[in-house]
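Numbering (this note's numbering), first residue to last: 841 to 1040. Note that the Cβ used here is the ideal one computed from N, Cα and C, for glycine as well. Since we're looking at a predicted model, the values are computed, not measured.
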Ligand SMILES: [Zn+2]
């Protein structure tokens, strides 16, 4: 996709070079470039859609429960540090496909409130303020030291399980290991924790 984006930039440049202000109609070459740019946009959006579908399909197919954060993308795109990766990930589209596959395969797909999922300690509940650049969660209360995303993922998981009414034994080493292994950014997928070994 990055490759297509480079191409997109080039096409955009080519088009603006051919644009003559005030000229009507624009040259044939301008219109050719315009069509090329349009095709390129179409390709990028299709690639995005394709990625969302494949990932969502894989995630839902290999797990019984999928919990994700109901992120407010609009607000996050305003944060220019995050904007690129979020709109790329086509998060909303992705979650829609998660819901879709959840429905057709009868799996639990739950969205949870993202408030403080990164800040709260997944071990003891203590709130530890951190900025986006702090990548490790260090809890002064219980001395837990885990990856920021793993910590968030565990919070997301327990919120999700609370919603569907499954108790998750946080004390089990295995559950922790599995949780860590499957932390996909802030999304946590549990399959193994419920006895499924076939993971993508
Ligand atoms: Zn703690």
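Near ligand 1: residue i beta-carbon under 7 Å from a heavy atom
i, result
"residue 982", "yes"
"residue 979", "yes"
"residue 991", "no"
"residue 963", "yes"
"residue 966", "yes"
Residue burial classification, residue i (beta-carbon count within 10 angstroms, cutoff 16)
i, result
"residue 868", "exposed"
"residue 977", "buried"
"residue 992", "buried"
"residue 934", "buried"
"residue 974", "exposed"
"residue 961", "buried"
"residue 1000", "buried"
Where residue i falls: helix, strand or coil (DSSP)
i, result
"residue 890", "helix"
"residue 932", "helix"
"residue 975", "coil"
"residue 865", "coil"
Span of the beta strand (DSSP E), counted from its first residue to its last, around residue i
i, result
"residue 948", "948-952"
"residue 904", "Taken as a continuous stretch (DSSP letters only), residue 904 belongs to no beta strand (DSSP E), as it is neither H nor E."
8 Å Cβ cutoff met for residue i and residue j
i, j, result
"residue 996", "residue 907", "yes"
"residue 856", "residue 883", "no"
"residue 938", "residue 968", "no"
"residue 953", "residue 989", "no"
"residue 979", "residue 963", "yes"
"residue 932", "residue 897", "no"
"residue 854", "residue 860", "no"
"residue 949", "residue 1003", "no"
"residue 846", "residue 880", "no"
"residue 851", "residue 886", "no"
"residue 870", "residue 889", "no"
"residue 958", "residue 943", "no"
Extent of the continuous alpha helix (DSSP H) to which residue i belongs
i, result
"residue 990", "988-1004"
"residue 844", "842-858"
beta-carbon residue i near ligand 3 non-hydrogen atom, thresh 7 Å
i, result
"residue 906", "As presented, the structure is devoid of ligand 3, carrying ligand 1 as its sole ligands."
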